[in-house]
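6 protein chains.
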Amino acid sequence: MAANSGDAINNKAGINPRADTLIQALPYIQRFAGKIMVIKFGGNVMSDDVLTQSFARDVVLLHSVGIYPIVVHGGGPQIKAHLSRLEMETAFVDGHRVTDAQTLEVVRMVLMGQVNREIVGAINLFGEYAIGMSGEDARLLTAKPRNPSLGFVGDVSAVNTKVLRKLVSEGFIPVVASIGADESGQAYNINADLVAGAIAQALSAEKLIVLTDVDGLLADVSNPHSRIPQVSTAKLQDIINSGKVSQGMLPKLEACVIATQGGPGSSDAGGPDTALGAAASAHLINGTQPHALLVEIFTDDGAGTMIVSE
Amino acid sequence: MAANSGDAINNKAGINPRADTLIQALPYIQRFAGKIMVIKFGGNVMSDDVLTQSFARDVVLLHSVGIYPIVVHGGGPQIKAHLSRLEMETAFVDGHRVTDAQTLEVVRMVLMGQVNREIVGAINLFGEYAIGMSGEDARLLTAKPRNPSLGFVGDVSAVNTKVLRKLVSEGFIPVVASIGADESGQAYNINADLVAGAIAQALSAEKLIVLTDVDGLLADVSNPHSRIPQVSTAKLQDIINSGKVSQGMLPKLEACVIATQGGPGSSDAGGPDTALGAAASAHLINGTQPHALLVEIFTDDGAGTMIVSE
Amino acid sequence: MAANSGDAINNKAGINPRADTLIQALPYIQRFAGKIMVIKFGGNVMSDDVLTQSFARDVVLLHSVGIYPIVVHGGGPQIKAHLSRLEMETAFVDGHRVTDAQTLEVVRMVLMGQVNREIVGAINLFGEYAIGMSGEDARLLTAKPRNPSLGFVGDVSAVNTKVLRKLVSEGFIPVVASIGADESGQAYNINADLVAGAIAQALSAEKLIVLTDVDGLLADVSNPHSRIPQVSTAKLQDIINSGKVSQGMLPKLEACVIATQGGPGSSDAGGPDTALGAAASAHLINGTQPHALLVEIFTDDGAGTMIVSE
Amino acid sequence: MAANSGDAINNKAGINPRADTLIQALPYIQRFAGKIMVIKFGGNVMSDDVLTQSFARDVVLLHSVGIYPIVVHGGGPQIKAHLSRLEMETAFVDGHRVTDAQTLEVVRMVLMGQVNREIVGAINLFGEYAIGMSGEDARLLTAKPRNPSLGFVGDVSAVNTKVLRKLVSEGFIPVVASIGADESGQAYNINADLVAGAIAQALSAEKLIVLTDVDGLLADVSNPHSRIPQVSTAKLQDIINSGKVSQGMLPKLEACVIATQGGPGSSDAGGPDTALGAAASAHLINGTQPHALLVEIFTDDGAGTMIVSE
Amino acid sequence: MAANSGDAINNKAGINPRADTLIQALPYIQRFAGKIMVIKFGGNVMSDDVLTQSFARDVVLLHSVGIYPIVVHGGGPQIKAHLSRLEMETAFVDGHRVTDAQTLEVVRMVLMGQVNREIVGAINLFGEYAIGMSGEDARLLTAKPRNPSLGFVGDVSAVNTKVLRKLVSEGFIPVVASIGADESGQAYNINADLVAGAIAQALSAEKLIVLTDVDGLLADVSNPHSRIPQVSTAKLQDIINSGKVSQGMLPKLEACVIATQGGPGSSDAGGPDTALGAAASAHLINGTQPHALLVEIFTDDGAGTMIVSE
Amino acid sequence: MAANSGDAINNKAGINPRADTLIQALPYIQRFAGKIMVIKFGGNVMSDDVLTQSFARDVVLLHSVGIYPIVVHGGGPQIKAHLSRLEMETAFVDGHRVTDAQTLEVVRMVLMGQVNREIVGAINLFGEYAIGMSGEDARLLTAKPRNPSLGFVGDVSAVNTKVLRKLVSEGFIPVVASIGADESGQAYNINADLVAGAIAQALSAEKLIVLTDVDGLLADVSNPHSRIPQVSTAKLQDIINSGKVSQGMLPKLEACVIATQGGPGSSDAGGPDTALGAAASAHLINGTQPHALLVEIFTDDGAGTMIVSE
């Protein structure tokens, strides 16, 4: 969703709706060719095969018109399921799950050996596009511990943007699991929303797009039709600071702040320490609406909430 | 209008119509990037300022997504008007106007100094794209006389494709008036539909698109809703041979045959003598329908009649 | 005409005159390869077929040794003739012809549809070189009105140098008619000498060469043998300011000042508002002397008057 | 190990041993720059941290002198361990483990989420080189079922060499787990030796190098000092056909045949159906000898057994 | 001297002679840009400082307009002088000087250390162009013995054209002394005319130009004004076969045959064994006429005799 | 000899000595690819055919792994021998030989026509690599007189680095004799050590390597085993200033200072006036030890003395 520079001469009266959609979309397509979009995939969408397939197709369509998509994912429910299958119990500190070495090993197996594979597979049904990666590959994500008492839970301290640029310029779609490693090679589990925000920020991506289960930010949480189409980064930070955001929504909003703000986020939010660039915009969209991704990117009205720095 | 290879997995049920248009259009956009489309502009469309502006915008939109449009035009009514203003009378042979030296001079002045300028100007409102040309520029169109008794009425005998390829690859939109010259530099007036067909054929263009005043080819001429969406070149030749085509429509159909058949057309039709390539398809669309050009190119159903070689 | 850096070692005594010409010419040829020369063609030369053919050949010879010629022309006599043929009368304000909408339409038809065609045709007898253009093509010349009371008489306010550089680097010889357009697409008639000067200045051309009917600037107007071989831009401005220059010669001298001075000329002279570069030199030569163009460019003595900034 | 073309002039008498090694190595280094070497890592080496680190360093050294290493691995023992941890029992048919859907899921998790990670991590201690991949990534390995009764046990039917070439030319070291997928995206477990052989063959690699626990092929199995330095592909096939090769050694020898023979292997051996190229040589070396890799590649005497097509 | 394709339209009547020279020269300059010309320098010209300087300048002028000159020289008189200074006597066999090892050493010292230096120095007064070479450098000229009884007198058996192409494309002017070496590195003295012919032939040079002391081939040797402007290779061979050619002129004519004939010359003539290409023409000109080189190359009438294959 | 950055992880205990040499060498090979090394060849080494051949081979091996060697040489003994053969006597001023015009001619003949040829020949036995040059070729070395009373004895005042870079990038090995020329083309004899130092400095070479007859710098001149492995440029200058260095060793040490110091050397030392770059290191090695060149460059311990700026 963005201002269409050609609007002034666009007389919409009586126009074929297909023509109208095309007239809106073509300038966006021109503008976004060769631009990177970081897309956080997750939640309910990921566990629905039809939605996953529809998402994979949209990602390939973006790729087909010259956009460079990078997909980021976590996998909380799948990790939880495998831990329970292994009858492993995990401690909690202040409500956060402690990730010890054995837990981390399971996290890594599930994310890289199961969840990542499924997204890669869904995309590659359309061609030889997706390459699954963890942040350990080619030192993609350097991690630092968040809080010693939480074990191997980390934050992103650096993104190897060169590797991602090489891969997208070779025509690949990187699918990145939210695992990083420190200089000694020790792996860490990182919140996937924050990984997506950090990557979008470090790459100065055109867009960070976070898939959620709601139609973006709502003016009135109880009213699903009260979507706010656009909000500033500063205003979003105010909303975060208000403390009223739900536990699940919080890292998504923080990711949008990290991506668009372009400076190091708060230590809680886990932004990279050496932030230079910034994404041009961040977007919260409803991944359960088929093709919301396309509508948000290529139409004037969009389908979610767009966050821009000012 | 073309087969969308992604259709099989496109579950349209309940899809947002904007999303549906995008899902249809994106593969076409990918497929047509870097391809040449020769567009014959003319008739009623040209004399309507709003339609001309809308046409110019569509051409610029095609250009914006990487398509290389080449516009071809004639200007019968404007020539007639200027001749009458100069009180010049012209002879007729078998119903064809004879073009003597003085008449040719007027033809050239009107086409290059008036009609061409207006199309170039309409496109250049959107940027520094259009370059007006006659077939004399850089020896673009080599002409040969059609019939000695008609004077300087010619047919295309060769197209300098190198020049057009250079210009489109530099980002320009050539706007070509239907004038050619023989080896000695003598200019000829050529039917613009046939010029468009010859250029599309010689360049092995992706498409020849001929703007008319009707919705393509009609199964029943008296029924404007009987549009035939697709027809083969051979079948179109049969229709031409049937002798039932109107005088105005005839060269348009012949141009579609020349473009897609890839061999020399009949001497009447004026195809180049040394035909090697062929356009992938030719299209007859209704230029009076705003944006029929975009709908024809980027949607599965199209807006006119598509002619393909088989 | 320029200083030959190799002179010091050039012992001319007893040298074969052909060898001497070659020894002079080769360093110029080396120096000018890849350089742009803007050549104002016009006046008596243009109406003489033999001189036009000879001029066309010289331009192609320049092109053959790697120089990038750009030809600029107007067409006052031809415009006047067509206006009278159409029995159109034009008003005069302070001795200047007023160009209303109908007059402008005729100007454009004559320049682009007749005069431009003839120069393009003469050059293209030698190959597929020339492309005719008006300042409207690819927004080549942005014009602004000179004086509201004169109607659509304009001055150059900007030159799209990128377009000219693309065309010459592709091997084309642009032949530019002296018409420009403002941002809204409204065309203006511009003095062709000033157009040539503005283009040479904007491109930082190697040379502006203005063809006239005399052997350059004369020390004594009544003595055709009193040619001044070289003069500074400042001195030329003094000559202009003296008020003794004939009406026909005035814009030619102003063009030389504009081209070499590199700053905006006086508003009367119509230099572009945003002048950055400057031509290395300007030259006034006698176009009625066959091949004066070659002699001026490739010999030490030259054939006209060279103007350099200091 | 290969003939050193410079030997004839190499007077070794009394040469400093370091100089002698360098004189031998430099021509190999020149010859192998820009060449692909496929290295099968596995067995006892993989479970020894010191050997793994030493192996990782050797791979990075190869990379540092312009060789393109590609590492291939399986992970039988680790898979077995995790299956038993999950208390999953697997059926056997004719002595082969049946891989049903649940087993396959575990195989994939262990290979991609655990074993692959460790090799990638060991290499990336030296820089941002290694990218872990399964055959599903970018459709690297197309698989076909080996035997319906074995479930998702597959053979390689095609290798996407383009992807591997892109990655190595970008400076990456691909680390490939032995998993493939068929056209529908269904994953298969494949023998890692055969994967390495198929990749080396498809890429026309300079070398396939298979790490084992013995010093190459022994003339007398009971005598570890009876290493055969070089053997032909045909002779190796004879040895395979003799039926005397141990179960563990068999696929290693078959991989060497597939790689160097360049045609489709026997259906048991699982060579790609459309074999065109061939590796220049295959090597069996003892991975438990530190740096055997370097000695084999860069010295005249080598450290294992080299297999060449004739 | 060659047919000027533009002649037909060149009305010479009353043309300024400088203009006429330029009109003739420019097409040659265009045609010869990027072409190699092998120039044999020697005889009386070499021992005259003014002529040498004039020659050097002409070579640099050729270079300045994009021609690639390669200069070849011998040095009989200088060799003779140094041998006598060293009081070395040389044997003769059938009138040919025998070149033993000591003599060869002197030949090499004089050619590379004295004559070559002087030509290089004369050229480099104009810039950093000339690089002196013997046929031993980069294995430029492979030699074979001509006749065992003559010692180290050789013929050219192969030319390393790659080296010469690299050097000229880097902007250098190679100055080649007539020494070659066989595979074992043994040097040989070769006739410089034949070296020039072999190089011109092997490079498919545009021209071989041999400087002599007369105005080319004369119809009547006693009449210096009876110059033959052009002759065929076959006719020249007839003249050689007639046995009337002087001892000094013979190898010059043979060189012209070798260069233009494109096949192996007679063993006496010393053409390379593996002849593939051929020079487009060979020229005999009078090096004592200043700038004959330029007049021959760039004017229609030329200054010597041109030999072409048919 | 340089610090091996990979040492920390290099557990040498029990490693195969060949493997150890390789592990040391590979990082050096990587680091030095594409780097220039200037090698001063001379003294006793040059007069020993076996050592010369061994040296030539080492140079070709360096070239084979992507290093760009440039060889510099003088030829004092050979010059002396030829002068005496010609019975030419030379004057001495303060113990320095005076080089008058006749002497210079002999110097040039011997260096370019004899010594240079032999080194070029030895290298070219291995391929078409070496091109012999004097400083006059392509104005490689600009010289200035050292002391008027010494005649044509010069120092380097400028190095044409562009020429050397072109030649090495084309795959050639320049072999440079120590002769330069001033702007007027007058040649000068220059000390070859100082030429090597000036070239290494001007090119910012990776290394200057000076072959001597001893194992580098000795802490105790009477003890050949007291080699100092590394010393700073400042310390070396102190040693020079101490006045205890032998006449033959002095210019070698000065060359090392010039190369690594990067500023103009003292006027005695003959460094170029306009010094910008500096060699990364200089090395004194014993050329009589076969392959000391390789051992010095590719092993941690080296074989001589390394000089670095700090």
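The listed protein sequences derive, respectively, from chains A, B, C, D, E and F. Taking the working numbering, the leading residue of the first sequence gets 238, the next gets one more, and so forth. Taking the working numbering, the leading residue of the second sequence gets 238, the next gets one more, and so forth. Taking the working numbering, the leading residue of the third sequence gets 238, the next gets one more, and so forth. Taking the working numbering, the leading residue of the fourth sequence gets 238, the next gets one more, and so forth. Taking the working numbering, the leading residue of the fifth sequence gets 238, the next gets one more, and so forth. Taking the working numbering, the leading residue of the sixth sequence gets 238, the next gets one more, and so forth. No residue lacks a Cβ here, since even glycine has one placed at the ideal position from N, Cα and C. Quick caveat: nothing in here was measured; it's all calculated off a predicted structure.
Roughly how many whole angstroms lie between the Cα atoms of Y305 of chain C and L387 of chain B?
-> 40 Å
How many angstroms separate the CA atom of N361 of chain C from the CA atom of V412 of chain C?
-> 11 Å
Sequence-distant residues of its chain with Cβ nearer than 6 Å to L404 of chain A (five each side left out) | P411
Just curious, the beta strand (DSSP E) that Y305 of chain D is in, first and last residue?
-> 305-310
Name the residue from E:K481, E:P382, E:S301, E:V390 whose alpha carbon lies nearest to the alpha carbon of R334 of chain E.
-> E:V390
Quickly, what does DSSP pair H520 of chain C with across the bridge? List them, please.
-> The beta-bridge partner set that DSSP reports for H520 of chain C consists of C:I446, C:M543.
Terminal residues of the continuous alpha helix (DSSP H) containing Q498 of chain F?
-> 487-498
Contacting positions in the region 384-407 of chain B - beta carbon closer than 7 Å to chain C | N397, V400, K403, E407
Alpha carbon to alpha carbon, what distance is there between L473 of chain E and T398 of chain D?
-> 59 Å
State the Cα-Cα distance for the pair A506 of chain E and S546 of chain E, rounded to the nearest angstrom.
-> Bear in mind that the predicted position of A506 of chain E carries a pLDDT of just 40, short of 50, making it too unreliable to give a figure here.
CB-CB under 8 Å to L455 of chain D, same chain, minus the five flanking residues each way: which ones, in chain order?
-> Close CB contacts of L455 of chain D within its chain, under the 8 Å cut and outside five residues either way in sequence, are with P461, S463, R464, I465 (chain order).
Helix or strand or just coil, what does DSSP make of A208 of chain E?
-> Nothing can be reported for residue 208 of chain E, as the shown portion of chain E is limited to 238 through 547.
Is the Cβ-Cβ distance between M193 of chain C and Q339 of chain C less than 8 Å?
-> Chain C is shown only over 238 to 547; residue 193 of chain C falls outside these bounds and no answer can be derived.
Could you tell me which chain F residues have their CB closer than 7 Å to the CB of H462 of chain D, listed as they occur along the chain?
-> Those do not exist, as H462 of chain D stays about 16 Å from chain F at its closest Cβ, beyond 7 Å.
Does DSSP put D244 of chain C in a helix, a strand or coil?
-> Caution is warranted here: a pLDDT of 34 is assigned to D244 of chain C, below 50, making its placement in the model unreliable, and no coordinate value can be reported.
Mind pulling the chain E residues with CB within less than 7 Å of V308 of chain C?
-> Within chain E, no residue comes near V308 of chain C; the closest Cβ sits about 18 Å away, beyond 7 Å.
Span of the beta strand (DSSP E) around V412 of chain A | 410-414
Roughly how many whole angstroms lie between the Cα atoms of G311 of chain C and N353 of chain C?
-> If you take the alpha carbons of G311 of chain C and N353 of chain C, they lie about 9 Å apart.
Below 8 Å between beta carbons: does that hold for L259 of chain B and A262 of chain A?
-> yes
Classify R402 of chain A as buried or exposed, calling it buried when 16 or more other Cβ atoms lie within 10 Å of its own Cβ.
-> exposed
Between the Cα of A318 of chain F and those of E:A318, E:L323, E:K317, spot the shortest distance and give me the residue it belongs to.
-> E:L323
Straight-line gap, C493 of chain D to L377 of chain A (C-alpha atoms, nearest Å) | Each residue's Cα considered, the two are about 34 Å apart.
How far does the alpha helix (DSSP H) with Q474 of chain B in it reach, from first residue to last?
-> 470-478
Cβ neighbour criterion (16 or more within 10 Å) applied to N426 of chain D = buried
In chain order, what residues of the same chain lie with their CB nearer than 8 Å to the CB of F292 of chain F, ignoring the 5 residues before and after it?
-> F278, V282, A359, L448, G524, L530
Ignore the nearest five residues each way along the sequence and tell me which others in R294 of chain A's own chain have a CB closer than 7 Å to its CB.
-> F363
What residues in the region 366-380 of chain E bring their beta carbon closer than 9 Å to a beta carbon of chain F?
-> Y366, A367, I368, G369, M370, S371, E373, D374, A375, R376, L377
Listing by chain order, which chain B residues have their CB less than 9 Å from the CB of Q351 of chain C?
-> E342, R345, M346, M349, G350
Quick one: using the 10 Å Cβ neighbour count with 16 as the cut-off for buried, is S459 of chain A buried or exposed?
-> exposed
My guess is that M370 of chain D and I368 of chain A are in contact by the Cβ rule of under 8 Å, so how many angstroms apart are they, rounded?
-> 7 Å
Which residues bound the beta strand (DSSP E) around Y425 of chain C?
-> In the DSSP assignment, Y425 of chain C falls within the beta strand (DSSP E) that extends over 424-427.
Give every residue of the same chain whose Cβ lies closer than 6 Å to the Cβ of F329 of chain F, excluding the five residues on either side of it in the sequence, and list them in chain order.
-> Excluding sequence neighbours, F329 of chain F sits near nothing in its chain.
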